[in-house]
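Residues in the sequence shown are numbered from 6 upward in steps of one, following our numbering. Every residue gets a Cβ at the ideal spot worked out from N, C-alpha and C, and that includes glycine.
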Amino acid sequence: DMKRATPSTKIGHGNPLPYESEQTTHYTIVDAAGNVVSNTYTLNSGFGSGVVAHGTGILLNNEMDDFTSKPGVPNQFGLIQSEANSIAPRKRPLSAMTPTIVLKDGRPYFAVGSPGGPTIINTVLQVILNIIDFHMNIQQAIDMPRVHHQWLPDRIVYEPFGLSRDTIEALKRRGHTFIDRPRYMGDAQGVMIDPETGMRLGAADGRRGGQAVGF
């Protein structure tokens, strides 16, 4: 009844699972033949351009925001860009999307990617470093805390409990600046292929609602 208040006792929880993300999505797929797909798709900001293609229900993105609208002026993600990224014919905008396939001895070893705007590059890089340099499996590599620095603004973003207080204070003494409120970043999804057995290890980021499945 739209004309009367609804008693709180009659209000239940919603179910967010059937709804798609309104922003960037990443998925990684490895099939039985070993073919690998690492795909990052984006509307850019929430609901993209806000325009729906008639009769389809498909939202159009606003990826044009990744071009420089005015040199020296930050875009919606706080990125400050130069004349080099200005709009021009047959030109792609600068993008942080980093879907990645890593080979070992010429064969797919793992694939990973993430949404997260400008934090994507650091997210994917840190997963790769955790696997190659620190010998983690892909789930461990994704679960590790992350830090982010995007040149401007000149400050470090770190996840809750991602850096010890001693580390933060030591970096501050060296001139680094940190934001006041840490936040989670990225939503990496990946698959690792065991070089010896061919077994697939799917990994989903617990920071959001990703899930690893096999068929």
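**Prompt:** Which of helix, strand or coil does DSSP assign to alanine 217?
**Reply:** Start at 1 with the first residue of the sequence shown, and residue 217 comes out as number 212. In this structure, alanine 217 counts as coil in the three-state DSSP scheme.
**Request:** Alpha carbon to alpha carbon, how far is glycine 60 from serine 13? Give it in angstroms, no decimals.
**Result:** Residue 13 sits at position 8 when you count from the first residue of the sequence shown. Residue 60 sits at position 55 when you count from the first residue of the sequence shown. Approximately 38 Å between the Cα atoms of the pair.
**Request:** Can you check DSSP and say which residues form a bridge with glycine 122?
**Result:** Against the sequence shown, residue 122 aligns to sequence position 117. In the DSSP output, where bridge partners are listed per residue, glycine 122 has none listed.
**Asked** So, are the CB atoms of isoleucine 85 and leucine 157 less than 7 Å apart?
**Response** In the sequence shown, residue 85 corresponds to position 80, counting from 1. In the sequence shown, residue 157 corresponds to position 152, counting from 1. Taking 7 Å as the cut-off, the Cβ atoms of isoleucine 85 and leucine 157 count as close.
**Asked** What residue from Ser169, Gly191, Ala146 and Asn40 has the CA that sits closest to histidine 153's CA?
**Response** In the sequence shown, the residue the question calls residue 153 occupies position 148. Nearest C-alpha to histidine 153: Gly191.
**Message:** For asparagine 127, tell me which candidate among Leu108, Met102 and Met141 has the shortest Cα-Cα distance.
**Reply:** For the purposes of this step, residue 127 is taken as residue 122 along the sequence shown, with counting starting at 1. Nearest to asparagine 127 by C-alpha distance, out of Leu108, Met102 and Met141, is Met102.
**Item:** Backbone CA spacing between proline 115 and alanine 146 [nearest angstrom]
**Value:** In the sequence shown, counting from the first residue as 1, residue 115 sits at position 110. In the sequence shown, counting from the first residue as 1, residue 146 sits at position 141. For the record, residue 115 in the displayed sequence is phenylalanine; it is not proline. Here the C-alpha atom of phenylalanine 115 lies approximately 12 Å from the C-alpha atom of alanine 146.
**Message:** Could you tell me the alpha carbon to alpha carbon distance between histidine 31 and glycine 203, rounded to whole angstroms?
**Reply:** Taking the sequence shown and counting its residues from 1, one reaches residue 31 at position 26. Taking the sequence shown and counting its residues from 1, one reaches residue 203 at position 198. Distance between the alpha carbons of histidine 31 and glycine 203: 23 Å.
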